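In UniProt numbering, the protein residues as written are 1 to 158. The C-beta atom is built at its ideal place from N, Cα and C for all residues, glycine as well. If you're wondering where the values come from, they're calculated on a predicted model, not measured in any experiment. See structure below.
Have a look at this one:
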């Protein structure tokens, strides 16, 4: 069930929302991102990385499928996965051993809907929708323990 919807007028708004979300993430957290090409999934993940204060440049991991970013001051590393090329193949997802990564890192999975939910009962689904005027809507669907956690507020951590 959607608990919150935020309008994002600019890419910086999307990044700021990611920073707010990232500032609250901890090891073991799973965030699934859903949206068409160009919806802002990677920009949101860049903000999440800034909020976590991880090392390394965040870009779409399409061709490597998963990228690890070492922990910074907050002590929480980020594993950024692009499940697009997996095409729903659960065996390939399982081969990545993401459940092991999930124990010690925050895990963000682009194109994760329909594939990555099996990694944990507790996860946050973030759906990004790009509208005709290039603004975006971000909707948050918490599952499991995420239902009791505070969700980010637009502009926090900016």
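Start-to-end residues for the beta strand (DSSP E) that takes in residue i
i	result
residue 53	It is not in any beta strand (DSSP E) - residue 53 carries neither H nor E in the DSSP assignment.
residue 82	78–82
residue 68	66–69
residue 74	Per DSSP, residue 74 belongs to no beta strand (DSSP E) and is neither H nor E.
residue 107	106–110
residue 126	123–130
residue 34	30–34
Nearest-angstrom beta carbon gap, residue j and residue i [assumed within contact, 8 Å]
i	j	result
residue 4	residue 140	5 Å
residue 106	residue 6	With a Cβ gap of about 20 Å, residue 106 and residue 6 do not count as contacting.
residue 152	residue 21	4 Å
residue 30	residue 147	Not really, about 14 Å apart at Cβ, beyond 8 Å.
Contact under 8 Å by Cβ, residue i with residue j
i	j	result
residue 35	residue 128	yes
residue 49	residue 78	yes
residue 182	residue 56	Outside the shown range of the chain (1 to 158) lies residue 182, about which nothing can therefore be said.
residue 125	residue 32	yes
residue 163	residue 81	Summary: the structure shown does not reach residue 163, with the chain confined to residues 1 through 158, and so no result is reported for it.
residue 135	residue 17	no
residue 76	residue 23	no
Residue range of the unbroken alpha helix (DSSP H) whose run includes residue i
i	result
residue 17	11–23
Coil, strand or helix - residue i by DSSP
i	result
residue 157	Residue placement at residue 157 cannot be trusted, given a pLDDT of 41 that sits under 50; the coordinates are not used to answer.
residue 1	coil
residue 151	coil
residue 138	strand
residue 119	helix
residue 57	coil
Any non-hydrogen atom of the ligand FAD within 7 Å of residue i CB
i	result
residue 72	Looking at this structure, you won't find the ligand FAD or any other ligand, since it has none at all.
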